[in-house]
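A.B. asks: My questions will all concern the structure given below.
Residue numbers (my numbering): 1427 to 1700.
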């Protein structure tokens, strides 16, 4: 059984939640949405509401794994001119203002490759980042990144899906660190009325291959769903629901911040009442 628990900030935050006999709450928002400064304040509101870990999305022009809500946010960020330097600044601002929270970047591989693998790892670590989630990077092609990440003390989080065979789960979890991102449903990101019955089975199968925490995302949007997932997972990941609250505020930043802070608070209560 692979055991890649590290002494990093990400593992520390997940361990702290476990010590409280609860799942961790992990929140996602893309950088530059609705603006770079506004995005920094919005991610800060997630922390203020109760998120233990935050994922800063690197907007992409072709986010094939993301649903319509996050695609809309990415489009707004890209039309606003967001660049990788803005993503790194977002990480730095959030990590500095909220030192207890682990800050990850979630990104497709192409922007990292174009920026320079070693350079991105060094700059992310310098900004105070705890690691990276790379949903479209095959484990077989990840050696260069993982070596750079290890050199700078960054965790590498890989994604597994209900379609993953047990042998594949073992390969993925052996290569990753920090936690394993378990996609609760087949398909793209987005809020759903039900989390999906495949999630609990996927968590159990993944745990059979690793000692890493297993955190579940894709579809969680309510405190009830958070409590449901927290009953069998080590972490609950929420993204589209936060993005949707900002979009619904229609440019009213105070309202948007209040909305995401309130939702984070409700979800934080949810993971505590599993």
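Cβ coordinates follow ideal geometry from the N, Cα and C atoms, glycine included.
Find out if the Cβ-Cβ distance for the pair residue 1608, residue 1577 is shorter than 8 Å.
C.D. replies: no
A.B. asks: From residue 1652 to residue 1537, what does the alpha carbon distance come to, in whole angstroms?
C.D. replies: So the two alpha carbons sit approximately 31 Å from each other.
A.B. asks: Using only CA atoms, which one of 1641, 1503 and 1686 lies nearest to residue 1659?
C.D. replies: 1641
A.B. asks: What's the gap between the Cα of residue 1450 and the Cα of residue 1493?
C.D. replies: For the pair residue 1450 and residue 1493, the Cα-to-Cα distance works out to about 24 Å.
A.B. asks: Let me make sure I understand the geometry here. Which of 1501, 1520 and 1479 has the alpha-carbon closest to that of residue 1605?
C.D. replies: 1479
A.B. asks: Mind checking which residues open and close the alpha helix (DSSP H) that includes residue 1498?
C.D. replies: 1494–1505
A.B. asks: Who does residue 1586 pair with in a DSSP beta bridge?
C.D. replies: 1608
A.B. asks: For residue 1663 and residue 1454, which I take to be in contact (beta-carbon distance under 8 Å), what is that distance rounded to the nearest angstrom?
C.D. replies: The Cβ separation is near 7 Å, so the contact holds.
A.B. asks: For residue 1626, which beta-bridge partners are listed by DSSP?
C.D. replies: Residue pairing by DSSP places residue 1626 in no beta bridge whatsoever.
A.B. asks: Taking 7 Å as the limit between beta carbons, can you name the residues of its chain near residue 1502, skipping five residues before and five after?
C.D. replies: Excluding residues within five positions, the ones whose Cβ falls inside 7 Å are 1459 and 1460.
A.B. asks: Would you kindly report the start and end of the unbroken alpha helix (DSSP H) that includes residue 1561?
C.D. replies: First-last for residue 1561: undefined, no H or E at that position.
A.B. asks: For residue 1479, does the three-state DSSP call read helix, strand or coil?
C.D. replies: strand
A.B. asks: Please classify residue 1635: is it buried, with 16 or more other beta-carbons within 10 angstroms of its beta-carbon, or exposed?
C.D. replies: buried
A.B. asks: Is it true that the CB of residue 1464 sits closer than 8 Å to the CB of residue 1523?
C.D. replies: no
A.B. asks: In the DSSP assignment, find the unbroken alpha helix (DSSP H) run with residue 1669 in it and report its ends.
C.D. replies: 1666–1674
A.B. asks: Is the separation between the beta-carbon of residue 1452 and that of residue 1645 shorter than 8 Å?
C.D. replies: no
A.B. asks: Would you kindly report the start and end of the unbroken beta strand (DSSP E) that includes residue 1640?
C.D. replies: 1640–1643
A.B. asks: How many Å lie between residue 1500 and residue 1486 at the Cα?
C.D. replies: 6 Å
A.B. asks: Given a cut-off of 8 Å on the beta-carbon distance, is the pair residue 1472 and residue 1668 in contact?
C.D. replies: Less than 8 Å divides the Cβ of residue 1472 from the Cβ of residue 1668.
A.B. asks: Would DSSP call residue 1696 helix, strand or coil?
C.D. replies: helix
A.B. asks: In or out: residue 1676 buried (at least 16 other Cβ within 10 Å) or exposed?
C.D. replies: exposed
A.B. asks: Sort out for me which residues DSSP pairs residue 1510 with in a bridge.
C.D. replies: Residue 1510 pairs with nothing; no bridge assigned.
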